[in-house]
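Written out below as structure tokens is the structure these notes cover.
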Amino acid sequence: MNIPNVAASRKSAAGPAISFFERYLTVWVALCIVAGILLGQALPGVFQAIGQLEYAHVNLPVGLLIWVMVIPMLVKVDFGALHEVRHHVKGIGVTLAVNWLVKPFSMALLAWLFIKHLFAPILPADQLDSYIAGLILLAAAPCTAMVFVWSRLTGGDPLFTLSQVALNDSIMVVAFAPLVGLLLGLSAIAVPWATLLTSVLLYIVVPVLLAQILRKALLAKGQAVFDATMAKIGPWSITALLATLVLLFAFQGAAILKQPLVIVLLAVPILIQVFFNSALAYWLNRAVGEKHNIACPSALIGASNFFELAVATAIGLFGFNSGAALATVVGVLIEVPVMLLVVRIVNRSKGWYECA
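See below:
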């Protein structure tokens, strides 16, 4: 990795702490829910027209918003940092095991237990499989952007954080579709493979390529240009996410007004999954002798989700009106407060961790 990339990597991984906008993401999401529901009831024809702007089962406005959402965060990822994984093989091993072998399957199990059985009598029967699909999509891809913020708040090693994100994103390009297909199949949910592969191409492969081309072009102009550009385009991600949520809740409004309890019930397996996987990764890192500043980002990436990708894929596979899309949005709604709680737990338990 050349000198400019080293500087950019450290800037990306150890940048400023959580911003005002990010800290209150739950508030903005809640406002978008209200705005979307109200607009959907007031202007149903407009949103129906937007919903019909499709090509090959891909909604074009949403596709554009997803690119605006994910490309700025992917520009931060330096795949040249992959060689850093050799310095913390045990920590990376824990991260990979939790993210790819435990997390998706534990979520599928929790979704089956709570949605298909415990909560089934009080949920819409025709949406049960769709809710499960949304929860599976939410857990199938590790967090990319916000993990840099969480790591910073815990004093996590910046290059370890960057290297684990780069490695996870590399794996995601090839593993996301097979993993989702497997888990949906095990849950007896029909897998629209053509649409799933199209979603992976549009929402993972193409954005990764475009982001890396942009990254190289910016770094070629110098670190100052890179930093200035990232400061300008960074807010685009959350703005596009919130615009997508307004669209989504404009379609979901009627269903939510009929059964507002659905959001609370969908949050239960998500919360259990977050705390289970973060605790598991944290404990395993302690067991194998990794430092606290390695265990923290490892636990945090195990707890958080690439919810932008989950929302996009759910809409592409099952549509705006689906339970799957709603389930992924619940993940967005609770992400920030829950992750801030996990950050607080790992910070307060540092003394216990280092007594090992």
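Counting along the sequence shown from 1, when you hit position 200 you're at 1281 in our numbering, and nothing is skipped either side. Just so you know, even glycine gets a beta-carbon here, dropped at the ideal spot from N, CA and C. Remember, it's a predicted structure, so these values are computed and weren't measured experimentally.
- Indicate the three-state DSSP secondary structure (helix, strand or coil) for Y1284 in the structure shown. The count along the sequence shown starts at 1 and reaches residue 1284 at position 203. Looking at Y1284 - three-state DSSP - the assignment turns out to be helix.
- Query: In this structure, does DSSP put Y1105 in helix, strand or coil?
  - Reply: Here residue 1105 is taken as the residue at index 24 of the sequence shown, counted from 1. It is coil, neither helix nor strand.
- Thinking C-alpha only, which one of M1227, V1423, M1253 and I1252 is nearest T1242? On the sequence shown, position 161 is the one that residue 1242 refers to. Among M1227, V1423, M1253 and I1252, the Cα nearest to that of T1242 is on M1227.
- Taking L1329 as the reference, which of N1140, Y1105, I1285 and L1264 has the closest Cα? Walking along the sequence shown from the start, residue 1329 turns up at place 248. If we check each option's Cα against that of L1329, N1140 comes out closest.
- Task: Could you check the C-alpha separation between L1326 and I1375 for me, to the nearest Å?
- Result: In the sequence shown, residue 1326 corresponds to position 245, counting from 1. In the sequence shown, residue 1375 corresponds to position 294, counting from 1. Whole-angstrom Cα-Cα distance: 34 Å.
- Message: If you reduce the DSSP assignment to three classes, tell me which class V1170 lands in.
- Response: Residue mapping note: residue 1170 aligns to position 89 of the sequence shown, counting from 1. If DSSP states are grouped into helix, strand and coil, V1170 belongs with the helices.
- Environment of E1435 [buried if 16+ CB atoms lie within 10 Å]: Translated into positions along the sequence shown, residue 1435 becomes position 354. So E1435 counts as exposed.
- Beta-carbon separation (whole angstroms), A1408 vs Y1212, contact threshold 8 Å: Here the question's residue 1408 lines up with position 327 in the sequence shown. Here the question's residue 1212 lines up with position 131 in the sequence shown. That belief holds up - the Cβ atoms of A1408 and Y1212 are roughly 5 Å apart, short of 8 Å.
- Report the three-state DSSP secondary structure of P1223 (helix, strand or coil). As a first step, residue 1223 is located in the sequence shown; it is residue number 142 there, counting from the start. In the structure shown, P1223 sits in a strand (DSSP, three-state: E or B).
- Item | Paired residues, beta bridge with V1127 - DSSP | For the purposes of this step, residue 1127 is identified with residue 46 of the sequence shown, where counting begins at 1. For V1127, which the question treats as bridged, DSSP gives no partner whatsoever.
- Message: Give me, in chain order, the residues of the same chain whose beta-carbon lies closer than 6 Å to that of I1351; leave out the 5 immediate sequence neighbours on both sides.
- Response: For the purposes of this step, residue 1351 is identified with residue 270 of the sequence shown, where counting begins at 1. In its chain, beyond the 5 residues on either side, G1412 have a beta carbon closer than 6 Å to the beta carbon of I1351.
- Message: Whether or not the region 1413-1421 and the region 1348-1365 are in contact is what I'm after, with contact meaning three or more pairs of Cβ atoms, one per stretch, closer than 8 Å; do they touch?
- Response: Short answer: they touch.
- Message: Please identify the residue among G1262, L1290, A1271 and G1237 whose C-alpha is closest to the C-alpha of D1250.
- Response: As a working mapping, residue 1250 is identified with position 169 in the sequence shown. The option with the nearest alpha carbon to D1250 is L1290.
- When DSSP labels each residue in this structure, what does E1416 get in the three-state scheme? Numbered from its first residue, the sequence shown carries residue 1416 at position 335. Reduced to three states, the DSSP call for E1416 is helix.
- Can the beta-carbon of A1221 be found closer than 9 Å to that of L1260? Along the sequence shown, read from residue 1 onward, the residue named residue 1221 stands at position 140. Along the sequence shown, read from residue 1 onward, the residue named residue 1260 stands at position 179. A contact, by the Cβ cut-off of 9 Å.
- Message: Please identify the residue among L1265, S1244, I1314 and G1215 whose C-alpha is closest to the C-alpha of V1166.
- Response: As a first step, residue 1166 is located in the sequence shown; it is residue number 85 there, counting from the start. The option with the nearest alpha carbon to V1166 is S1244.
- Just confirm the distance between the C-beta atoms of G1237 and P1378, as a whole number of angstroms; I'd bet it's less than 8 Å. In the sequence shown, residue 1237 corresponds to position 156, counting from 1. In the sequence shown, residue 1378 corresponds to position 297, counting from 1. Going by Cβ atoms, the distance from G1237 to P1378 rounds to 4 Å, so yes, they are a contact pair.
- Put V1327 into one of helix, strand or coil per three-state DSSP. Indexing the sequence shown from 1 puts residue 1327 at position 246. In the structure shown, the three-state DSSP call for V1327 is helix.
- So the alpha helix (DSSP H) G1262 belongs to, where does it begin and stop? Sequence index remark: in the sequence shown, residue 1262 carries index 181 (1-based). From DSSP, the alpha helix (DSSP H) with G1262 extends over P1239 to L1267.
- Exposure label - F1332; buried when at least 16 CB within 10 Å: Here residue 1332 corresponds to residue number 251 of the sequence shown, with the count starting at 1. The residue is buried, with at least 16 neighbouring Cβ atoms inside 10 Å.
- Task: Classify L1163 as helix, strand or coil using the three-state DSSP reduction.
- Result: As a working note, residue 1163 is residue 82 in the sequence shown. In this structure, L1163 counts as helix in the three-state DSSP scheme.
- Within its chain, find whatever has a CB closer than 6 Å to the CB of S1359; leave out the 5 residues flanking it on each side and keep chain order. Taking the first residue of the sequence shown as position 1, residue 1359 is located at position 278. Result list for S1359: A1380, G1383, A1384 and V1423, in chain order.
- Cβ neighbours of Y1136 in the same chain (closer than 8 Å, five flanking residues each side left out): Locating residue 1136 in the sequence shown gives position 55, counting from the first residue. Result list for Y1136: empty, nothing under 8 Å.
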